[in-house]
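Undergrad: Pasting a structure below so you can have a look.
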């Protein structure tokens, strides 16, 4: 049985989180009161989360990945040791954060009246950087 641990995030908006996970190819479940995560053996675990990527989307030997809303409003990422070892680690969480910030920026720009014109991925020494382009209405 893999041990789960929680990582703090700056993610606060559930709809942007779900949209970001969708952009990365995952269909997340939303549970207002939280739901149990399921381990690799198919049994419910004591860990609970409000946004869940079920293990079937990750791999047959994987565990569910969850995001639990904390009392301060931020989400914590709940991941097993095994899943961290196969690539669902800090780098993966960085991609989730990047997709989340992109969703947040798109919504903020739209609310201010800007029109989305395009998205460009620029390779930098630190990794890919996303550049969103807008015009004023």
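Residue numbers (this note's numbering): 4 to 140.
Just so you know, even glycine gets a beta-carbon here, dropped at the ideal spot from N, CA and C.
Bear in mind the structure is a predicted one, so any value in this text is a computation, not a measurement.
(1) Thinking just about the alpha-carbon of each residue, which of 100, 127, 66 is nearest to the one in residue 84?
(2) By how many angstroms is the C-alpha of residue 26 removed from the C-alpha of residue 106?
(3) What residue range does the alpha helix (DSSP H) around residue 14 cover?
(4) Under the assumption that residue 43 contacts residue 58 (Cβ atoms under 8 angstroms), give the Cβ distance between them as a whole number of angstroms.
(5) If you run the structure through DSSP and keep just helix, strand and coil, what is residue 3?
(6) Quick one: does residue 130 have its CB under 9 angstroms from some CB of chain C?
(7) Taking Cβ positions, are residue 55 and residue 34 nearer each other than 9 angstroms?
(8) Report the option in 80, 104, 75 whose CA atom is closest to the CA atom of residue 50.
(9) Per DSSP, which residues does residue 136 bridge with? Please list them.
(10) Is it right to say residue 119 is buried, meaning 16 or more other beta carbons lie within 10 angstroms of its own, or is it exposed?
(11) Which of the three DSSP states is assigned to residue 44 in this structure?
(12) Just curious, the beta strand (DSSP E) that residue 80 is in, first and last residue?
(13) State buried or exposed for residue 124, treating a residue as buried only when at least 16 other CB atoms are found within 10 Å of its CB.
(14) Is residue 36 helix, strand or coil by DSSP?
TA: In this structure, then:
(1) Position 81 of the chain shown, counted from the first residue, corresponds to residue 84. When only C-alpha atoms are compared, the closest one is 66.
(2) Locating residue 106 in the chain shown gives position 103, counting from the first residue. Locating residue 26 in the chain shown gives position 23, counting from the first residue. Computed Cα separation, rounded: 9 angstroms.
(3) In the chain shown, residue 14 corresponds to position 11, counting from 1. No alpha helix (DSSP H) holds residue 14; DSSP gives it neither H nor E.
(4) By 1-based counting over the chain shown, the position of residue 43 is 40. By 1-based counting over the chain shown, the position of residue 58 is 55. With 8 angstroms as the limit, residue 43 and residue 58 qualify as a contact, their Cβ atoms being about 7 angstroms apart.
(5) What the structure shows of the chain is the stretch from 4 to 140, and residue 3 is not part of that stretch, so it cannot be assessed.
(6) This model lacks chain C altogether; it includes just one protein chain.
(7) Here residue 55 refers to the residue found at position 52 when the chain shown is read from its first residue. Here residue 34 refers to the residue found at position 31 when the chain shown is read from its first residue. Going by C-beta atoms, residue 55 is nearer than 9 angstroms to residue 34.
(8) Taking the first residue of the chain shown as 1, we reach residue 50 at position 47. With distances taken between Cα atoms, residue 50 lies closest to 80.
(9) Within the chain shown, residue 136 is the residue found at index 133, counting from 1. Residue 136 is bridged to 121.
(10) Taking the first residue of the chain shown as 1, we reach residue 119 at position 116. Burial call: exposed.
(11) As a working note, residue 44 is residue 41 in the chain shown. Coil.
(12) Translated into the one-based positions of the chain shown, residue 80 becomes position 77. Unbroken beta strand (DSSP E) run through residue 80: 78 to 83.
(13) On the chain shown, position 121 is the one that residue 124 refers to. Exposed.
(14) Here the question's residue 36 lines up with position 33 in the chain shown. The answer is strand: DSSP assigns residue 36 an E or B state.
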